[in-house]
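Here the structure comes first, spelled out in structure tokens, and everything after it is commentary.
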Amino acid sequence: MASHHHHPESEIALRVKAIESLLVEKGIVDPATLDTIIETYEHKVGPHIGAQIVAKAWVDPDFKARLLDDGTGAIAELGLTGFSSEHMVVVENTPEVHNLIVCTLCSCYPWAILGLPPTWYKSFAYRSRVVIEPRKVLQEFGLEIPEHVEVRVWDSNADLRYLVLPERPAETAGMSEADLASLITRNAMIGTAKVPAPTSLNPPVAQEISP
Amino acid sequence: MNGPHDMGGMQGMGPIPIEENEPVFHSEWEAKVFAMSFATFINYFPVDETRHASERMPPGEYWSSSYYERWLYALELLITEHNLVTPAEIEARVIELAQSET
Numbered sequence: 001m002a003s004h005h006h007h008p009e010s011e012i013a014l015r016v017k018a019i020e021s022l023l024v025e026k027g028i029v030d031p032a033t034l035d036t037i038i039e040t041y042e043h044k045v046g047p048h049i050g051a052q053i054v055a056k057a058w059v060d061p062d063f064k065a066r067l068l069d070d071g072t073g074a075i076a077e078l079g080l081t082g083f084s085s086e087h088m089v090v091v092e093n094t095p096e097v098h099n100l101i102v103c104t105l106c107s108c109y110p111w112a113i114l115g116l117p118p119t120w121y122k123s124f125a126y127r128s129r130v131v132i133e134p135r136k137v138l139q140e141f142g143l144e145i146p147e148h149v150e151v152r153v154w155d156s157n158a159d160l161r162y163l164v165l166p167e168r169p170a171e172t173a174g175m176s177e178a179d180l181a182s183l184i185t186r187n188a189m190i191g192t193a194k195v196p197a198p199t200s201l202n203p204p205v206a207q208e209i210s211p
Numbered sequence: 001m002n003g004p005h006d007m008g009g010m011q012g013m014g015p016i017p018i019e020e021n022e023p024v025f026h027s028e029w030e031a032k033v034f035a036m037s038f039a040t041f042i043n044y045f046p047v048d049e050t051r052h053a054s055e056r057m058p059p060g061e062y063w064s065s066s067y068y069e070r071w072l073y074a075l076e077l078l079i080t081e082h083n084l085v086t087p088a089e090i091e092a093r094v095i096e097l098a099q100s101e102t
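Heads up: the protein sequence lines correspond to chains A and B, in order.
Letter 170 of the first sequence, counting from 1, is numbered 170 in our numbering, and no numbers are missing.
Letter 29 of the second sequence, counting from 1, is numbered 29 in our numbering, and no numbers are missing.
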């Protein structure tokens with residue numbers, strides 16, 4: 001959204017520096033804490049956490065049932081609950097229903113499970129349009145949802161966050177939980193993509209047995 | 001309250017800006033605004049107040065600002081309203097830093 005800036009970047013950066021230096025000087029924020037927060041959201045939390053939850057649900061039907069019944073409780077079982085993901089509802093994609101998540105009011109998103117949201121999720125276009133023309137929005141992501149499939153759009157809020165349980169690709173029978181997790185993308189857990197079949201990502205088995 | 005943030009169903013916002021392989025933060029200042037907000041909303045005011053602060057941004061400004069510019073607005077509003085820093089101190093420090101950089 002760089003085109004929306006009406007202050008030059010350098011001016012904003014200077015203002016942020018001024019505020020930072022004042023808050024540090026007054027002991028309101030600690031520079032080491034700021035670094036830890038940035039490091040956490042840049043490198044530690046992210047969609048790989050949500051992928052673990054989805055992969056587990058794919059291989060463990062009892063866990064899946066609990067996850068769909070009480071997302072908060074099932075995620076807590078795995079010890080993956082965290083800030084901004086305290087109350088979770090998990091919605092399942094099926095051949096009949098495609099789920100899609102938005103926060104029309106701002107950017108509510110399960111940080112502890114998917115990391116910070118991408119720019120498009122926070123964009124005015126996504127927030128405004130997805131509740132009135134979800135199929136058209138999905139086409140912009142290259143995802144065509146057939147007419148007979150119902151599209152459900154879930155509007156997140158400050159207290160309640162959603163996660164899509166995407167469909168498991170048919171080609172993944174027999175794959176380990178860890179290998180399954182590696183296929184699961186952020187967008188698939190928001191509902192703007194499907195999980196790709198493994199053939200496009202992994203080398204064929206034949207290569208592994210060659211001398 | 002109806003405000004500029006209540007965007008569901010609004011029309012004319014154009015195509016979805018999809019960026020492949022985007023970084024978590026697009027600049028150092030975005031990361032710093034996020035971290036300072038996070039650090040203060042844990043210790044000084046609840047996250048809901050931060051959210052509300054960004055919703056208090058005048059509509060024209062809200063719709064012409066980037067995401068982290070709105071966070072910066074909220075941060076600045078709250079740290080001054082809670083008397084952690086005064087607006088005058090911020091303005092003075094901006095001038096001071098600008099002079100030391102040139």
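We put the beta carbon where it would ideally sit given N, CA and C, even for glycine.
Values in this document were obtained by computation on a predicted structure and should not be read as measured data.
Leaving out the 5 sequence neighbours to the left and right, which residues in its chain are closer than 6 Å to residue i when beta-carbon positions are compared?
{"i": "A/V137", "result": "R129 and V130"}
{"i": "A/K122", "result": "S107"}
{"i": "B/V85", "result": "I79"}
{"i": "A/Q52", "result": "A181"}
{"i": "A/L201", "result": "Annotation note: pLDDT 49 at A/L201 (below 50); position unreliable, coordinate value reported separately. Taken in chain order, the list of residues that qualify is empty."}
{"i": "B/V24", "result": "none"}
Identify, in the order they occur along the chain, each residue of the same chain with its Cβ nearer than 7 Å to the Cβ of residue i, setting aside the five sequence neighbours on each side.
{"i": "A/W58", "result": "R168 and L180"}
{"i": "B/V47", "result": "F41"}
{"i": "A/N99", "result": "V91, N93, R152, W154, V164 and G191"}
{"i": "B/E63", "result": "Checking the sequence, you will find Trp at residue 63 of chain B rather than Glu. Within the same chain, B/W63 has close Cβ partners P4."}
{"i": "A/A158", "result": "C108"}
{"i": "A/A55", "result": "E177, L180, A181 and I184"}
{"i": "A/I101", "result": "W154, S156, Y162, V164, I190 and G191"}
Residue i to residue j, Cα distance in whole Å?
{"i": "B/M35", "j": "A/D155", "result": "The question names Met, yet the displayed sequence has Ala at residue 35 of chain B. About 26 Å."}
{"i": "B/P87", "j": "B/T80", "result": "6 Å"}
{"i": "A/P198", "j": "A/A188", "result": "14 Å"}
{"i": "B/E76", "j": "A/L22", "result": "12 Å"}
{"i": "B/N83", "j": "A/R15", "result": "18 Å"}
{"i": "A/A32", "j": "B/A39", "result": "11 Å"}
{"i": "A/F63", "j": "A/A178", "result": "16 Å"}
{"i": "A/L34", "j": "A/E20", "result": "10 Å"}
{"i": "A/P134", "j": "B/H5", "result": "19 Å"}
{"i": "B/T50", "j": "B/S37", "result": "8 Å"}
{"i": "A/K17", "j": "A/E42", "result": "20 Å"}
{"i": "A/G174", "j": "A/E150", "result": "30 Å"}
{"i": "B/A98", "j": "B/Y67", "result": "24 Å"}
{"i": "A/Y162", "j": "A/G71", "result": "9 Å"}
{"i": "B/L72", "j": "B/I16", "result": "23 Å"}
{"i": "A/I145", "j": "A/Q139", "result": "8 Å"}
{"i": "B/Q11", "j": "A/Y126", "result": "11 Å"}
{"i": "B/N43", "j": "A/G142", "result": "43 Å"}
{"i": "A/P110", "j": "A/T36", "result": "19 Å"}
{"i": "A/A170", "j": "A/K194", "result": "12 Å"}
{"i": "A/D30", "j": "B/N2", "result": "36 Å"}
{"i": "B/E20", "j": "B/S27", "result": "17 Å"}
{"i": "A/V24", "j": "B/R56", "result": "26 Å"}
Can you tell me whether residue i is helix, strand or coil according to DSSP?
{"i": "B/H82", "result": "coil"}
{"i": "B/T102", "result": "coil"}
{"i": "A/E133", "result": "coil"}
{"i": "A/K26", "result": "coil"}
{"i": "A/P198", "result": "helix"}
{"i": "B/H20", "result": "Rather than His, the amino acid found at residue 20 of chain B in this sequence is Glu. Here B/E20 sits in coil by DSSP."}
{"i": "A/R168", "result": "coil"}
{"i": "A/Y230", "result": "Beyond the ends of chain A as shown, which are 1 and 211, falls residue 230 of chain A; an answer cannot be given."}
{"i": "B/V94", "result": "helix"}
{"i": "A/A193", "result": "coil"}
{"i": "A/I184", "result": "coil"}
{"i": "B/Q11", "result": "coil"}
{"i": "A/I19", "result": "helix"}
{"i": "B/Y44", "result": "coil"}
{"i": "A/L114", "result": "helix"}
{"i": "A/S3", "result": "Because A/S3 carries a pLDDT of 44, less than 50, the predicted location of this residue cannot be relied on, and no value is offered for it."}
{"i": "B/G60", "result": "helix"}
Check the DSSP bridge columns for residue i and list the partner residues they point to.
{"i": "A/Y162", "result": "A/V89"}
{"i": "A/I101", "result": "A/W154"}
Once you ignore the five residues that flank residue i on each side, which residues in its own chain have a CB closer than 8 Å to its CB?
{"i": "A/E77", "result": "F63 and R66"}
{"i": "B/M13", "result": "M7"}
{"i": "A/E208", "result": "The predicted position of A/E208 is uncertain, since its pLDDT is 44 and thus under 50; a value taken from the coordinates is nonetheless stated next. For A/E208, where only same-chain residues beyond five positions count, there are no Cβ hits under 8 Å."}
{"i": "A/A112", "result": "V45, I49, L80, T81, G82, F83, S84 and S85"}
Quick check: is the beta carbon of residue i nearer than 9 Å to any beta carbon in chain C?
{"i": "A/S84", "result": "Structure shown: chain C not included; protein chains present are A and B."}
Verify the contact flag: residue i, CB atom, against every heavy atom of the ligand MN, threshold strictly below 8 Å.
{"i": "B/H52", "result": "Among the components modelled here there is no ligand, and therefore nothing to report on the ligand MN."}
Interface positions of the stretch 51-75 of chain B facing chain A (Cβ-Cβ less than 9 Å), listed along the chain: R51, S54, E55, E61, W63, S64, S65, S66, Y67, Y68, E69, R70, L72 and L75
Worksheet item: Closer than 8 Å, Cβ to any Cβ of chain B: which residues of the stretch 107-134 of chain A, in chain order?
Response: S107, G115, L116, P118, T119, W120, K122, S123, F124, A125, Y126, R127, S128, R129, V131 and I132
Problem set entry | Contact list for the stretch 30-47 of chain A against chain B, Cβ threshold 7 Å | T33, L34, I37, I38, Y41 and E42
Note to self: Output needed in chain order: residues of the stretch 10-27 of chain B with a Cβ under 9 Å from some Cβ in chain A.
What the structure shows: Going along the stretch 10-27 of chain B in chain order, one finds M10, Q11, G12, M13, G14, P15, I16, P17, I18, E19, E22, P23, V24, F25, H26 and S27 with a Cβ nearer than 9 Å to chain A.
request  = Identify each residue in the stretch 5-19 of chain A for which the Cβ-Cβ distance to at least one residue of chain B is less than 8 Å, and report them in chain order.
outcome  = H5, H6, H7, E9, I12, A13, L14, R15, V16, K17, A18 and I19
* Below 8 Å between beta carbons is the criterion; list the residues of the stretch 134-164 of chain A that meet it against any residue of chain B, in chain order. => V137, E140, F141, D155 and A158
message: Along the stretch 75-92 of chain B, where does the CB come closer than 8 Å to a CB of chain A? Name the residues.
response: L75, E76, I79, L84, V85, E89 and I90
Practice task
Compile a chain-ordered list of the residues in the stretch 169-200 of chain A whose CB is closer than 9 Å to at least one CB of chain B.
Solution key: T192
inquiry  = Taking beta-carbon pairs under 8 Å, can you tell me which members of the stretch 55-68 of chain A lie near chain B?
reply    = none
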